[in-house]
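To start, the structure itself, in structure tokens.
Protein chains in written order, with the numbering used here: chain A, 1284 to 1395; chain B, 22 to 136.
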């Protein structure tokens, strides 16, 4: 069964702290995406990771991909309240170009 | 920059009524998708269209039909709405061509309530 598991599913943290969200997947894939969703809003693309060892950074967020371990991480550095949102990862199985497999999402709350 | 446009944004239906959700993209993408998102949940694929003229079932197609009208437009139809179809529906498009990243671009969502 194709699975994408995010950990944790819920995270409450203080501003200024660092934390990592993990995305494990069960299928062979070399394409992984991270999206952000604010409450009541649509999904916004954050990162596209297209190869083993890929690392992307945008502000206080950094994403990486290890295709051998089937693991991606989203690291938050010195969190600020504006980063409060739900974060989803999604992978494209190697035998399918069209059907992304989505994680359940990590709801992140950052307290001032 | 319109991107992906969905209509309507909100709709309330009675059980058994029918309706069509419209989606259009102006990014010249080949692939389009319809997802549903239930409260506190992730996304589930209803139908997708890899290219103009083709459609395929996703994870939860029952109770829905789709039409890829042309390259820009992909509509989702509920023939006889049921309360279980109360959800937020997202249309998305992507470019899967050579050298493209394949990332999805989403519309703003259509919030459907079936009474």
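Quick reminder that beta carbons are idealized off the backbone N, C-alpha and C, glycines included.
When the five nearest sequence neighbours on each side are left out, the beta carbons in the same chain lying within less than 8 Å of the beta carbon of residue 124 of chain B are those of 115, in order along the chain.
Here residue 70 of chain B carries a strand assignment [DSSP, helix/strand/coil]. Contact check between the region 117-135 of chain B and the region 78-86 of chain B: fewer than three CB pairs, one atom from each, fall below 8 Å, which does not count as touching. Closest in C-alpha terms to residue 1340 of chain A, from the list A:1354, A:1359 and A:1325, comes A:1359. In this chain, the beta strand (DSSP E) harbouring residue 1358 of chain A covers 1354-1359. Exposure of residue 23 of chain B is indicated by the presence of fewer than 16 other C-beta atoms within 10 angstroms of its C-beta.
Between residue 1320 of chain A and residue 1352 of chain A, the C-beta spacing is not below 8 Å.
Interface annotation, residue 133 of chain B: not in contact with chain A, CB-CB separation never under 8 Å. DSSP, reduced to helix, strand and coil, places residue 1326 of chain A within a strand of the structure shown.
Here residue 1338 of chain A is exposed, its C-beta having fewer than 16 other C-beta atoms within 10 Å. In the three-state scheme derived from DSSP, where H, G and I count as helix and E and B as strand, residue 42 of chain B is classed as strand. Listed along chain B, no residue sits closer than 8 Å to residue 1336 of chain A by beta-carbon distance, the nearest being about 17 Å off. Counting C-beta atoms within 10 angstroms of its own C-beta, residue 1386 of chain A has 16 or more neighbours from the protein chains shown and is therefore classed as buried. Judged by their CB atoms, residue 1354 of chain A and residue 1346 of chain A are not nearer to each other than the 8 Å cut-off.
DSSP, reduced to helix, strand and coil, places residue 1332 of chain A within a strand of the structure shown.
DSSP, reduced to helix, strand and coil, places residue 32 of chain B within a strand of the structure shown. Cβ-Cβ distances below 6 Å link residue 38 of chain B to 102 in the same chain, with the five nearest sequence neighbours on each side left out; the list follows chain order.
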